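Here's the structure, in structure tokens; my notes come after.
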Amino acid sequence: MVSRVRVWLNRTYAENVFFMDQLRRNPSDRAVEIHATHGDADSPVLAAADTADLEPEGLSPAAYVEYALDQCARRGIDVFVPRLHQAAIVAHRADFAAAGTALLAPPPEAVAVFHDKVIAYEAVQAIGAPVPPWWRVRTADELVAAVEELEAGGHKACFKPASGAGGVGFRVITRAPFSLMHLNGFPSPYVQLDLVVETLRQADEPVDWLVMPRLEQPEVSVDCLTGPDNRVRLAIGRTKNGRRRGFTLQEQWLEPAKRIAEGFGLHYLSNIQFRMFGEQPVLMDVNTRPAGGLHQLSLCGVNAPWAAVQLALGEDPGEIVPPFLGQDYTVVSGPRPVRPVSLPQQRVEETETLLPAVPAQADSVQDQDQPQAQVQASAAAVLPL
């Protein structure tokens, strides 16, 4: 009899309820039990899991590793999918292996390269993958110099933190003066250069920003599944152009993504994002974790989360070719269950707060790569894989 697989997702995005759904609907019908932890008692991943704990707040990365090792030992975790403190966790892969837990995450060297976007761009450029021009900026004068050079080339300048994820801190520079126009309608990502410069000059410490041209659509996120042997088993591009979403297997997107995934050993699931700079696709970002929208590949007949768990368990699924590409789609908002009662936040010295599971719902809801926005795949939605 094939034993059940115990998988743990720590403090992850809300839309990874669909990652969990796909693990349960794996093609082999192998039993999967899912453990989830989060700092927010109202996270839907806690309600969707079979067992769940509230995570203690205030742990250092080293203390969190000890917490994670204890969770794996007590919960009998076979595969751990870390998001929070990924870098610290993968540095202790041998300790988790000794506890009987496989980490579904790249090695520490790969995580380190892509933690800093400037280091990442330099490394990616060195292996011949396309990147846009960029400037590392820490002061107001450096910002102005970078913006002026970009504008002289006919480009809009934007900036984002050199280290960050999910679009947090992304802004587009404008020279239009602040006016009532900027207070009408919804907030936009545009910020006035003079206000940014003034803020930087008054700041107590330097920033660490990446300044680059604003890249154009389409945006293509290539989801890759790479084995510990550095060979890509699966690569599918998810396209985004305004509201319209779709899929692609065109080599202009897949070839550089595979080169990056294999060249840097992005083992298991990674997401490599491109946009257009003129007529050329260039790298926008690399995520060393499963993308929030990974489950959308089910519209192509692919169950990527389960294939990744197989790899982590040493069961090579082989090369995965999508049997078809799903039709274009969009995303709309929808509900997802949370726990009936929000429990008090766990203190660091407390060892465990067990949350009994609430059965996962059959409706297919997802959120964007930002955990706060919940959306649902349209029409064909998520196939029962």
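Here full-length UniProt numbering is used: position 200 in the sequence shown is 200, and no number is missing along the way.
Note that CB positions come from ideal geometry on N, CA and C, so glycine has one too.
Predicted, not measured: the structure shown is a model, and the values here were computed from it.
_Stretch-stretch touch, CB-based, cutoff 8 Å, three pairs: the region 272-284 with the region 95-115_ = no
*asked:* Excluding the 5 residues flanking valine 2 on each side, which residues of the same chain have their C-beta closer than 7 Å to its C-beta?
replied: Within the sequence shown, the letter at position 2 stands for residue 2. Arg30.
*In the DSSP assignment, find the unbroken alpha helix (DSSP H) run with alanine 126 in it and report its ends.*
Within the sequence shown, the letter at position 126 stands for residue 126. Per DSSP, alanine 126 belongs to the alpha helix (DSSP H) from 117-126.
*Three-state class that DSSP yields for proline 305 in the structure shown*: Reading the sequence shown from its first residue, position 305 is the one you call residue 305. It is helical.
*What's the gap between the Cα of arginine 83 and the Cα of phenylalanine 186?*
Numbered from 1 along the sequence shown, position 83 holds the residue referred to as residue 83. Numbered from 1 along the sequence shown, position 186 holds the residue referred to as residue 186. In a straight line, the C-alpha of arginine 83 is about 31 Å away from that of phenylalanine 186.
*lysine 160 - partner residues in DSSP beta bridges*: Counted from its first residue, the sequence shown places residue 160 at position 160. Lysine 160 is bridged to Leu210.
_Taking a contact to mean a Cβ-Cβ separation below 7 Å, would you say arginine 11 touches glycine 39 in this structure?_
Position 11 of the sequence shown, counting from 1, holds the residue named residue 11. Position 39 of the sequence shown, counting from 1, holds the residue named residue 39. Their beta carbons are under 7 Å apart, which means arginine 11 touches glycine 39 by this criterion.
*When the Cα atoms are used, what is the spatial distance from valine 211 to arginine 24?*
Numbered from its first residue, the sequence shown carries residue 211 at position 211. Numbered from its first residue, the sequence shown carries residue 24 at position 24. Roughly 42 Å separates the two Cα atoms.
*Using DSSP with H/G/I as helix, E/B as strand and the rest coil, what is glutamine 202?*
Reading the sequence shown from its first residue, position 202 is the one you call residue 202. Residue state, collapsed to three classes: helix.
*Around the C-beta of glutamate 251, are 16 or more other C-beta atoms found within 10 angstroms, so that it is buried, or is it exposed?*
Against the sequence shown, residue 251 aligns to sequence position 251. Burial call: exposed.
*In whole angstroms, what separates the C-alpha of arginine 201 from that of alanine 140?*
Taking the first residue of the sequence shown as 1, we reach residue 201 at position 201. Taking the first residue of the sequence shown as 1, we reach residue 140 at position 140. Cα to Cα, arginine 201 sits roughly 6 Å from alanine 140.
*Where leucine 180 and valine 191 are concerned, what is the direct C-alpha to C-alpha distance, given to the nearest angstrom?*
Start at 1 with the first residue of the sequence shown, and residue 180 comes out as number 180. Start at 1 with the first residue of the sequence shown, and residue 191 comes out as number 191. Each residue's alpha carbon lies about 14 Å from the other.
*Please work out which residues of its chain come closer than 7 Å, Cβ to Cβ, to alanine 120, disregarding the five sequence neighbours upstream and downstream, and give them in chain order.*
Walking along the sequence shown from the start, residue 120 turns up at place 120. Within the same chain, alanine 120 has close Cβ partners Val113, Phe114 and Val286.
*Leaving out five residues before and five after phenylalanine 277 in sequence, what residues of the same chain have Cβ atoms less than 7 Å from its Cβ?*
For the purposes of this step, residue 277 is identified with residue 277 of the sequence shown, where counting begins at 1. Excluding residues within five positions, the ones whose Cβ falls inside 7 Å are Pro132, Pro213 and Leu215.
*Given that a residue counts as buried once 16 or more other Cβ atoms are within 10 Å of its Cβ, and exposed if not, what is phenylalanine 18?*
As a working mapping, residue 18 is identified with position 18 in the sequence shown. Under this definition phenylalanine 18 is a buried residue.
*asked:* On the criterion of 16 or more Cβ atoms from any shown chain inside 10 Å, does glutamine 125 qualify as buried, or is it exposed?
replied: Residue mapping note: residue 125 aligns to position 125 of the sequence shown, counting from 1. Exposed: under 16 other Cβ atoms inside 10 Å.
*Kindly identify the DSSP beta-bridge partner or partners of histidine 35.*
Counted from its first residue, the sequence shown places residue 35 at position 35. Histidine 35 pairs with Trp8 and Thr51.
_How far does the beta strand (DSSP E) with aspartate 223 in it extend, from its first residue to its last?_
Position 223 of the sequence shown, counted from the start, is the residue given in the question as residue 223. Counting along the chain, the beta strand (DSSP E) containing aspartate 223 begins and ends at 216-226.
*Distance, Cα to Cα, proline 315 vs glutamine 296?*
Residue 315 sits at position 315 when you count from the first residue of the sequence shown. Residue 296 sits at position 296 when you count from the first residue of the sequence shown. Proline is not the amino acid found at residue 315; the sequence shown has glutamate there. Going from the Cα of glutamate 315 to the Cα of glutamine 296 covers about 23 Å.
_Buried or exposed by the 16-neighbour rule on C-beta atoms within 10 Å, applied to glutamate 219_ = Counting from 1 along the sequence shown, the entry for residue 219 is found at position 219. Buried is the call here.
_Here's the rule: buried if 16 or more other CB atoms are within 10 angstroms of the residue's CB, otherwise exposed. What is aspartate 42?_
Within the sequence shown, the letter at position 42 stands for residue 42. Exposed: under 16 other Cβ atoms inside 10 Å.
_Suppose contacts are defined by Cβ-Cβ distances below 7 Å. Is valine 45 in contact with asparagine 16 by that definition?_
Position 45 of the sequence shown, counted from the first residue, corresponds to residue 45. Position 16 of the sequence shown, counted from the first residue, corresponds to residue 16. Yes, they are a contact pair.
*Within 10 angstroms of its Cβ, does threonine 199 collect 16 or more other Cβ (buried), or is it exposed?*
On the sequence shown, position 199 is the one that residue 199 refers to. By the 10 Å Cβ count, threonine 199 comes out exposed.
*DSSP on proline 281, reduced to helix/strand/coil?*
For the purposes of this step, residue 281 is identified with residue 281 of the sequence shown, where counting begins at 1. Three-state DSSP puts proline 281 in a strand.
*asked:* According to DSSP, is tryptophan 134 part of a helix, a strand, or is it coil?
replied: Within the sequence shown, numbered from 1, the residue matching residue 134 stands at position 134. Looking at tryptophan 134 - three-state DSSP - the assignment turns out to be coil, as it is neither helix nor strand.
_Let me check one thing: in DSSP terms, what residues is asparagine 26 bridge-paired to?_
Stepping through the sequence shown from its first residue, residue 26 is reached at position 26. The partner list for asparagine 26 (beta bridge, DSSP) is empty, contrary to what the question assumes.
*Please state whether DSSP places tyrosine 190 in a helix, a strand or coil.*
If you number the sequence shown from 1, residue 190 lands on position 190. Tyrosine 190: strand per DSSP, three-state reduction.
*If we ignore side chains and look at the alpha-carbon of each, how far apart do proline 359 and glycine 326 end up?*
Residue mapping note: residue 359 aligns to position 359 of the sequence shown, counting from 1. Residue mapping note: residue 326 aligns to position 326 of the sequence shown, counting from 1. In this predicted model, proline 359 has a pLDDT of only 42, less than 50, meaning its place in the structure is not dependable; the value taken from the coordinates is given anyway. C-alpha separation (whole angstroms): 28 Å.
*asked:* Just to confirm the assignment, what range does the beta strand (DSSP E) spanning phenylalanine 247 have?
replied: By 1-based counting over the sequence shown, the position of residue 247 is 247. First-last of the beta strand (DSSP E) with phenylalanine 247: 244-248.
*Spatial neighbours of glutamate 262 in its chain, beta-carbon cut-off 8 Å, leaving aside the 5 residues before and after*: Stepping through the sequence shown from its first residue, residue 262 is reached at position 262. Counting only Cβ-Cβ distances below 8 Å, and skipping sequence neighbours, we find Thr226, Asn230, Arg231 and Val232.
*So who's on the other strand from threonine 174, going by DSSP bridges?*
Here residue 174 refers to the residue found at position 174 when the sequence shown is read from its first residue. Bridge partners of threonine 174: Gln192.
*Any idea if serine 298 is buried or exposed, counting beta-carbon neighbours within 10 angstroms, 16 or more meaning buried?*
Along the sequence shown, read from residue 1 onward, the residue named residue 298 stands at position 298. Counting Cβ neighbours within 10 Å, serine 298 comes out buried, since at least 16 surround it.
*Which residue or residues does DSSP assign as beta-bridge partners of tyrosine 329?*
As a first step, residue 329 must be located in the sequence shown, where it is residue number 329. Bridge partners of tyrosine 329: Arg245.
*Straight-line CA distance for serine 323 to cysteine 300?*
For the purposes of this step, residue 323 is taken as residue 323 along the sequence shown, with counting starting at 1. For the purposes of this step, residue 300 is taken as residue 300 along the sequence shown, with counting starting at 1. Strictly speaking, residue 323 in this sequence is proline, with serine absent from that position. Approximately 7 Å between the Cα atoms of the pair.
*Going straight from the alpha carbon of serine 188 to that of serine 163, what length do you get?*
To locate residue 188, count along the sequence shown from 1; it is residue 188. To locate residue 163, count along the sequence shown from 1; it is residue 163. For serine 188 and serine 163, the distance between alpha carbons rounds to 22 Å.
_Backbone CA spacing between alanine 14 and glycine 154 [nearest angstrom]_ = In the sequence shown, residue 14 corresponds to position 14, counting from 1. In the sequence shown, residue 154 corresponds to position 154, counting from 1. Those two C-alpha atoms are separated by around 39 Å.
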